[in-house]
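So the structure is just underneath, and the comments pick up after that.
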Amino acid sequence: MNGILICNKEVGEGKAINTRAEIREELVEKKSLFLNTGNQFVGNTDNHLTGYCTIDPLLPYVRRLLELVNMMVDPFIEDGVEAILSAGVGAIPLGHLAANVLIERTGRDVHAAFTERVESKKQAITRYGSVGAIAGRKLLVIDGIVNTTSTGSGLIDIGRELGCDVRGMSSIVANRGASTKSLSVRKFFSLTDMEYDVFTPEECADHGPCSERWPMVVDPSLGHGDRFQKQHPEYMGDFVTILPPEIPVNS
Numbered sequence: 034m035n036g037i038l039i040c041n042k043e044v045g046e047g048k049a050i051n052t053r054a055e056i057r058e059e060l061v062e063k064k065s066l067f068l069n070t071g072n073q074f075v076g077n078t079d080n081h082l083t084g085y086c087t088i089d090p091l092l093p094y095v096r097r098l099l100e101l102v103n104m105m106v107d108p109f110i111e112d113g114v115e116a117i118l119s120a121g122v123g124a125i126p127l128g129h130l131a132a133n134v135l136i137e138r139t140g141r142d143v144h145a146a147f148t149e150r151v152e153s154k155k156q157a158i159t160r161y162g163s164v165g166a167i168a169g170r171k172l173l174v175i176d177g178i179v180n181t182t183s184t185g186s187g188l189i190d191i192g193r194e195l196g197c198d199v200r201g202m203s204s205i206v207a208n209r210g211a212s213t214k215s216l217s218v219r220k221f222f223s224l225t226d227m228e229y230d231v232f233t234p235e236e237c238a239d240h241g242p243c244s245e246r247w248p249m250v251v252d253p254s255l256g257h258g259d260r261f262q263k264q265h266p267e268y269m270g271d272f273v274t275i276l277p278p279e280i281p282v283n284s
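Heads up: take any position in the sequence shown, counting from 1, add 33, and you land on my numbering.
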């Protein structure tokens, strides 16, 4: 299963944005999703990407975030979920909101824990008390974005190492290739999807965007192109910023 449950709930003066296409467009409008820009980005695992997604611009909008989280947990309401594991740092609010939604909708006592990055490509639960809170429980894994599936698979592995019965994984957005098979999980759900190419640094230099001198995005909020710039000042492509200056809404 990899889709969205359509909801006709009224939100403010209009209807909730619920279809996969509508949610994708919402991400683009909020500067969360960048596709077909002609630029490249560097992700959290140092891979080079022809697009980029971050849930950071969504996080201040708690009411909308709660609507999205309700849709994220819908397919798992009947799965007896007792604990949530999310990826730090961006998905921590999603995980705790998901636990609260499940508490309210099922009456179960649902615990929530999160991981933190301890190495370039490795996540671990580091906060005292969190391991015992979720160990051996029926677990739902939550993340904002599933890109190469390495983070998602890592979260699922952590849950299984703790003796959890991993009931599935849910995300706001997933790149092509993310599936129950690629994640080795019985159920995977995303609210919308995206499609862009992912290259290792070596692949990028050999036959990817770097070999064609694509501009590198260096906005600190959009990956780690700024770090690439410091490490590779000799890069022959341009270094660019694409985010407009942030203007206070009430100014």
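Glycine residues also receive a C-beta, built at the ideal position from the N, C-alpha and C atoms.
Open item on the list: Quick check on the burial criterion: 16 or more other C-beta atoms within 10 angstroms. Buried or exposed for P126?
Closed with: Per the 10 Å Cβ criterion, buried.
Open item on the list: Please state the DSSP three-state secondary structure of V251.
Closed with: coil
Task: E152, DSSP secondary structure in three states - done: strand
Task: Exposure of S71, with buried meaning 16 or more beta-carbon neighbours within 10 Å - done: The sequence shown places Gly at residue 71, not Ser. The residue in question, G71, is exposed, as its Cβ has fewer than 16 Cβ neighbours within 10 Å.
Open item on the list: Here's the rule: buried if 16 or more other CB atoms are within 10 angstroms of the residue's CB, otherwise exposed. What is R200?
Closed with: buried
Task: Backbone CA spacing between F261 and V75 [nearest angstrom] - done: 8 Å
TODO: Compare the beta carbon distance of L98 and L130 with 8 Å and say whether it is the shorter of the two.
DONE: yes
- [ ] Measure the Cβ-Cβ separation of V251 and G258 and say whether it is below 8 Å.
- [x] yes
Open item on the list: If I follow the unbroken beta strand (DSSP E) through D120, where does it start and stop?
Closed with: The amino acid occupying residue 120 in the given sequence is Ala; Asp does not appear at that position. Residues A116 to A120.
TODO: Locate the alpha helix (DSSP H) running through F261, then write down its first and last residues.
DONE: G258 to Q264
Open item on the list: Under DSSP, the alpha helix (DSSP H) around S163 begins and ends at which residues?
Closed with: S163 to I167
TODO: On the DSSP bridge assignment, give the partners of F74 in chain order.
DONE: Per DSSP, L82.
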